[in-house]
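Working notes for the structure below.
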Amino acid sequence: MKKPTAGGAVSTVASMGTEALDAAVSVVRRAGEAIRSRTSHAGETEHRWHVMTVCASAEEVAPGGKLPEPLARLGDAIDTQLRPAPGERGTELACRLHHKGDAGQPDTAESANGHDKVQELRTALRHAKALVETGEILLPDRPSTNRPTVTGRPLDKLIEKAQGEGRL
Amino acid sequence: MKALTWQGTNDLSVEQIPDPAMRNEQDAIVKVSQTVTCGSDLHLLGGYIPFMRAGDILGHEFIGEVVETGPRVKRHKAGDRVVVCSFISCGRCWYCKEGLFSLCDNGNTNPGITEHLWGSAPGGCYGYSHALGGFAGSHAEYIRVPYADQGAFPVPDALDDTTALFASDSAPTGWMGADLGGVKPGDVVAVWGCGAVGQMAARAAILLGADRVIAIDRLEYRLDMTRRHVGAETLNYEKTDIDAELREMSGGRGPDVCIEAVGMEAHSSGAQNLYDQTKQQLRLQTDRSAAVRQAILACRKGGSIFILGVFAGFVDKFPLGAVMNKGLTLRSAQQHGHRYIPMLLERMERGELKTDHLATHIMSLDDGPEGYHLFKEKLDGCVRAVFQPGR
Ligand SMILES: NC(=O)c1ccc[n+]([C@@H]2O[C@H](COP(=O)([O-])OP(=O)(O)OC[C@H]3O[C@@H](n4cnc5c(N)ncnc54)[C@H](O)[C@@H]3O)[C@@H](O)[C@H]2O)c1
Ligand SMILES: [Zn+2]
Ligand SMILES: [Zn+2]
């Protein structure tokens, strides 16, 4: 056990040091893998409706039929549906990537960047909900440092995707 | 500015870092006057919640003065003294409107991480890893407070900083355990853990009219404090058979409400502790849950259990059979502070809820690493170490 030094680095207790670090790295990795494996079913994800419930009326979600900016920006690239949510929960806002042909397989060009498009759609959906409900898109704090570490790199990748990925 | 940062497992340091910046129009910047350690930080410190980046600022329970407000902040202005809820919640999504503030849909800027771990994302929390939004913590001279109209509460002049500080996190957490655990007049309530959270839960149970409130720990100085300042009865689990004792104290029924305020690093005696520690170190379970187990077995038939202690992953030997066959209600949450803080400040003003005794060590921020050392190892009678960044 190191003694505390004023203002400097201190290691309080070393009881679980390396095991805990290993665990940390493996949990971060596993979370990353979970994100990748879920979206590797690209065809499936690309056809799915991504839905969020917005705590507002349909008219507030899309005044005069105009979608909130983050979704409006995607234009014809997406299909959108609005329906009232049961139990006065507001409005269910559903979006999916628009496919030109029938509802079968996406064309090759589309699946190549399909994953990115799904991410973009999910992010837009979250942002649209936040804008309608709160009037702003909450931003994280700027990182206080960028010092590289063992868990830092996989964690950074995870954070990068954390807006566009998830279960939504 | 100066800040206490996480550098790695069990490794903290005080660093000079840039001042926080306003990022949204509903933000305020608060100059922190007091900020306190919490049992939840110990789980970060020990590496049990592996979503910290070296350099992240710790701390989520704080009081201070507003120094800057965004154009859309209406309830606060520079100079106001505010206590801030540890959870970051928008106040306008369905969960917030239902009073389930820690489940806010909009407060977490990294929802993908916890959606994968748990199925959906809770709200954000200051200084509580990138899984809960990656917001900077309060162990610093200044902090950015998003959704300031929702999360910051004016402090009545009559209250000193150290008393009001605990309205940020431990007092509402404890209150929530008793409230949502369903404590009512005539109940026998047992509370596991005599840290600040357990003590506040025990006090809440008394104020909600419980007939008997029994708090459990092994640290005599904490048991003694709980008897003196909270007014609960106490049991030392290393000196007595908790299950037998609780039955005897509740007419053979078992407590009506059991509140767990220990969390994922629960200690237990003998073989069970060795088993849990080994399994946790071998990654066969991520969390140790001895107190939850004991609470489930002790609880009366049809009673309720509220888990306030933080858990992150999986536990072993969970007595699901007892939950099912005894018809128990099991509930849990990160704290929904926004719904309780104004009421708690009033109770503090009326002298019903005493909190300043929890601040056993008031230190400068430079002594942060030492403060965590005392808090983690439960040395020198430490219950909570409070840091004063301005001094
Ligand atoms: N739900 C929430 O929003 C919320 C908010 C704050 C804190 N917490 C959690 O509450 C828990 C307690 O926080 P704290 O600040 O009081 O921590 P603390 O470390 O000061 O106190 C925990 C106490 O539990 C005791 N303990 C350990 N094993 C026990 C057992 N088997 N039976 C009975 N007591 C046992 C310890 O001796 C200690 O006194 C932590 O897990 C923390 O993360 C939750
Ligand atoms: Zn806390
Ligand atoms: Zn909300």
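Keeping their order, the protein sequence lines are chains D and F. Under the UniProt record's numbering, the first sequence has 106 at position 106, and the numbering climbs by one with no breaks. Under the UniProt record's numbering, the second sequence has 219 at position 219, and the numbering climbs by one with no breaks. Ideal Cβ placement from N, Cα and C applies to all residues, glycine included. None of the values given here were measured: they were computed from a predicted structure.
Query raised in the report: Quick one: does HIS41(D) have its CB under 7 Å from some CB of chain F?
Result: Here the model assigns HIS41(D) a pLDDT of 49, short of 50, so the residue's position is not dependable and the matter cannot be decided.
Query raised in the report: Do ARG222(F) and CYS194(F) come within 7 Å of each other at the CB atom, strictly closer than that value?
Result: yes
Requested in this report: Answer yes or no: do GLN119(D) and GLY164(D) have a C-beta to C-beta separation smaller than 7 Å?
Outcome: yes
Report task. Could you name the residues that DSSP lists as bridge partners for GLN81(D)? Result -> DSSP, once it has assigned bridges, lists ALA94(D) as partnering GLN81(D).
Report task. Within 10 angstroms of the Cβ of VAL66(F), are there 16 or more other Cβ atoms? Answer buried if so, exposed if not. Result -> Buried, because 16 or more other Cβ atoms sit within 10 Å of the Cβ of VAL66(F).
Query raised in the report: Is PHE101(F) helix, strand or coil by DSSP?
Result: helix
**Report entry** Through-space distance from GLY39(F) to ILE206(F), alpha-carbon basis
**Finding:** 23 Å
**Report entry** DSSP three-state assignment for GLN285(F), whether helix, strand or coil
**Finding:** coil
Query - Residue range of the unbroken beta strand (DSSP E) whose run includes SER332(F) - result: 329 to 332
Query raised in the report: Once you ignore the five residues that flank TYR340(F) on each side, which residues in its own chain have a CB closer than 6 Å to its CB?
Result: Closer than 6 Å at Cβ, skipping near neighbours: PRO172 and TRP175.
**Report entry** Close Cβ partners of PRO156(F) (< 7 Å) along its chain, the five nearest in sequence each way excluded
**Finding:** Excluding sequence neighbours, PRO156(F) sits near LEU345 and GLU349.
Report task. Determine which residues share a DSSP beta bridge with TRP192(F) and list them. Result -> ILE216(F) and GLU260(F)
Query raised in the report: Are there 16 or more other CB atoms within 10 angstroms of the CB of ALA28(F), so buried, or fewer, so exposed?
Result: buried
Query raised in the report: When burial is assigned at 16 or more other CB atoms within 10 Å of the CB, is TRP118(F) buried or exposed?
Result: With fewer than 16 other Cβ atoms within 10 Å, it is exposed.
Query raised in the report: What are the residues of the segment 116 to 132 of chain D that lie near chain F, defined by any Cβ-Cβ distance shorter than 9 Å?
Result: ARG122, ARG126, LYS129 and ALA130
Query raised in the report: Are the segment 300 to 312 of chain F and the segment 136 to 144 of chain F touching, with three or more C-beta to C-beta distances below 8 Å?
Result: no
Query raised in the report: Opposite SER138(F) in the DSSP bridges: which residues?
Result: Looking at the DSSP assignment, SER138(F) forms no beta bridge with any residue, so it has no partner.
Requested in this report: Entirely within the segment 146 to 212 of chain F and at least 3 residues each: give me those beta strand (DSSP E) ranges in chain order.
Outcome: 152 to 154 and 188 to 192
Query raised in the report: Quick one, what's near ligand 5 if you take every residue whose CB is closer than 6 Å to any heavy atom, in chain order?
Result: Ligands displayed in this structure: ligand 1, ligand 2 and ligand 3; ligand 5 is not among them.
Query raised in the report: Within this structure, are the beta carbons of ALA202(F) and ALA215(F) separated by less than 7 Å?
Result: yes
Query raised in the report: So what does ASN108(F) bridge to, in DSSP terms?
Result: Bridge partners of ASN108(F): none, in fact.
**Report entry** For ALA333(F) and TRP192(F), believed in contact at Cβ under 8 Å, the rounded distance
**Finding:** Between ALA333(F) and TRP192(F) the Cβ distance is about 17 Å, and since that is not below 8 Å, they are no contact.
Query raised in the report: Quick one: what does DSSP say VAL314(F) is sitting in, helix, strand or coil?
Result: The question names Val, but residue 314(F) in the sequence shown is Phe. If DSSP states are grouped into helix, strand and coil, PHE314(F) belongs with coil.
**Report entry** For SER13(F), three-class secondary structure by DSSP
**Finding:** strand
Requested in this report: Excluding the 5 residues preceding and the 5 following ALA56(D) in the sequence, name in chain order all residues of the same chain whose CB lies nearer than 8 Å to its CB.
Outcome: Close CB contacts of ALA56(D) within its chain, under the 8 Å cut and outside five residues either way in sequence, are with GLY90, THR91, VAL132 and GLU133 (chain order).
Query raised in the report: Taking the alpha-carbon positions, what's the PRO106(D) to VAL51(D) distance?
Result: A caution first: PRO106(D) carries a pLDDT of 49, below 50, which makes its placement in the model too unreliable to give a value.
Query raised in the report: Per DSSP, PHE62(F) forms a beta bridge with which residues?
Result: THR35(F) and VAL84(F)
Query - Heavy atom of ligand 3 within 6 Å of SER138(F) beta-carbon - result: Every heavy atom of ligand 3 is 6 Å or more from the Cβ of SER138(F), so no.
Report task. Would you check if the segment 34 to 49 of chain F and the segment 108 to 115 of chain F touch, i.e. whether three or more CB-CB distances between them fall below 8 Å? Result -> no
Query raised in the report: Would you say the beta carbon of ASP217(F) comes nearer than 6 Å to a heavy atom of ligand 1?
Result: Yes, since a heavy atom of ligand 1 falls inside the 6 Å radius drawn around the Cβ of ASP217(F).
**Report entry** Burial state of ASP187(F), where buried means 16 or more other Cβ atoms lie within 10 Å
**Finding:** buried
Requested in this report: Starting from the beta carbon of ASP56(F), find every residue of chain D whose beta carbon is closer than 7 Å, and list them in chain order.
Outcome: SER144
Requested in this report: Starting from ALA136(F), find everything on chain D with Cβ-Cβ shorter than 7 Å and list it in chain order.
Outcome: ASP141 and SER144
Query raised in the report: Is there at least one non-hydrogen atom of ligand 1 closer than 6 Å to the beta-carbon of GLN280(F)?
Result: no
Report task. Could you work out which residue in HIS115(D), ALA85(D), LYS157(D) and ASP141(D) is closest to ARG48(D) when comparing CA atoms only? Result -> HIS115(D)
Report task. Using a Cβ cut-off of 7 Å, pull out every chain D residue sitting near HIS130(F), in sequence order please. Result -> LEU155 and ILE159
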